[in-house]
Amino acid sequence: MALLPILCYPDPKLHRVAKVVVSIDARIQTLVANMLETMYDAKGIGLAATQVDVHERLIVIDVSEERDTPLVLINPELVWTSPETHLNEEGCLSVPGIYDGVERHDAVHVRALDEQGKARTIEATQLLAVCVQHEMDHLMGKVFVEYLSPLKRNRIKKKMIKAQREDAK
Ligand code: K1U
Ligand code: ZN
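First residue of the sequence shown: 3, per the numbering used here; consecutive thereafter.
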């Protein structure tokens, strides 16, 4: 298994729209294993393939306290969203150190395939619902900072560019 490099905002590759996974083969199973390892290593609760520069509809999530309940969603589709929404504090492994509030549906139902190709429907609430919506946005090329005001987003963009310049020194 391998740790994968995570793209950092404002990398334009984060805005690519992911394509449908056509076949759940050994390549996809290796990608799933590597994405899970990368997510656990980065102490994240989710990771979208877009963030590791793979533009296919695949996300991994683990919101369990014990970090032992991985969820793999391939070709996820939102089939129901609750009318109720709330502002939730979010972070992103592609925007390290930045946390801010985003309005999300309280509950969502998602249809997806697992890593064996089996179809399943997940009824997500609380942190899982927030994380599913955040990760599905990544697959559409949307990063959570795009929900913030242009002023905040530009400040974050400048901060990230400066941090990346410092890291490259
Ligand atoms: O997509 C990602 O970059 C992963 C991201 C997922 C996420 C966190 C919080 C709300 C929605 C989606 C993270 O895992 S950020 C790091 C983190 O572990 C975390 C941050 C805030 C709250 C809970 C967890
Ligand atoms: Zn993210």
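From the three backbone atoms N, C-alpha and C, an ideal C-beta is built for every residue, glycine too.
- Here Lys-21 is bridged, per DSSP, to Glu-58.
- Contact check for Ile-26 against Gly-119 passes: the beta carbons are separated by less than 9 Å.
- By a beta-carbon distance limit of 8 Å, Pro-7 contacts Val-54. Their separation comes to about 7 Å.
- If the five residues before and after Tyr-149 are omitted, its C-beta is found closer than 7 Å to the C-beta atoms of Val-104, all from its own chain and listed in chain order.
- DSSP lists Val-112 as the beta-bridge partner residues of Leu-80.
- Bounds of any beta strand (DSSP E) do not take in Ile-163; it lies within the alpha helix (DSSP H) bounded by 152-170.
- Arg-106: not part of any alpha helix (DSSP H); member of the beta strand (DSSP E) spanning 102-107, first to last residue.
- Contact between the region 16-24 and the region 41-52 is present: three or more C-beta pairs spanning the two stretches fall below 8 Å.
- Taking C-beta atoms under 8 Å as the contact rule, Met-3 and Glu-58 fail to qualify, at a distance of about 19 Å.
- Sequence-distant Cβ neighbours of Ile-163 in its own chain, meaning closer than 8 Å and more than five residues away, are Pro-12.
- Nearest neighbour of Pro-72 by Cα position, chosen from Asp-102, Asp-169, His-107 and Ile-47, turns out to be Ile-47.
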